[in-house]
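Enquirer: In full-length UniProt numbering, the protein residues as written are 1 to 111.
Cβ coordinates follow ideal geometry from the N, Cα and C atoms, glycine included.
Structure in structure tokens, see below.
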Amino acid sequence: MLRFLQKSTREKIDKVCRYDEDKFVIIIPYINWRKSLAIAERIIKKWEEVNKEISLSIGISQILPEISLERSVSFLINRAKEALELAKKERENSYEVDRETLKLIHYSLKI
């Protein structure tokens, strides 16, 4: 899984890390929420092509501008974990966006 995720991201820009036994974190800097959704969809599509036995769930969160960087990292991971759990419950090979990021998306669509 680690190698698959590394091959699915930008070399020397994105960072893939094992978070838990069967969980990984992908840090993808310098993108907006639309690109993060496209990346999640692309990763899931590639995964479905190469693996039929193990499902892939993705939780997406984005740094909130009003939160300090120190607090933001743990907050970001917790929100991504919550979104991941929602994706797992929803269906196999899916992604979910956390509520706080959805608020940012909603706000940016209004502008």
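Starting from Glu96, trace the beta strand (DSSP E) in both directions and tell me its first and last residue.
Expert: Counting from 1 along the sequence shown, the entry for residue 96 is found at position 96. That run of the beta strand (DSSP E) goes Ser94 to Val97.
Enquirer: Please name the residue, chosen from Leu37, Trp47, Lys81 and Arg34, that lies closest to Arg3 on a Cα-to-Cα basis.
Expert: Your numbering for residue 3 matches position 3 in the sequence shown. Answer by Cα proximity: Trp47.
Enquirer: Bridge partners for Arg18 per DSSP, in chain order?
Expert: Position 18 of the sequence shown holds residue 18. Phe24.
Enquirer: For the segment 56 to 63 against the segment 6 to 20, are there 3 or more C-beta pairs whose distance is under 8 Å?
Expert: no
Enquirer: What are the boundary residues of the alpha helix (DSSP H) that Ile39 is part of?
Expert: Along the sequence shown, one-based indexing puts residue 39 at 39. It spans Trp33 to Val50 - the alpha helix (DSSP H) in which Ile39 sits, taken as one unbroken run.
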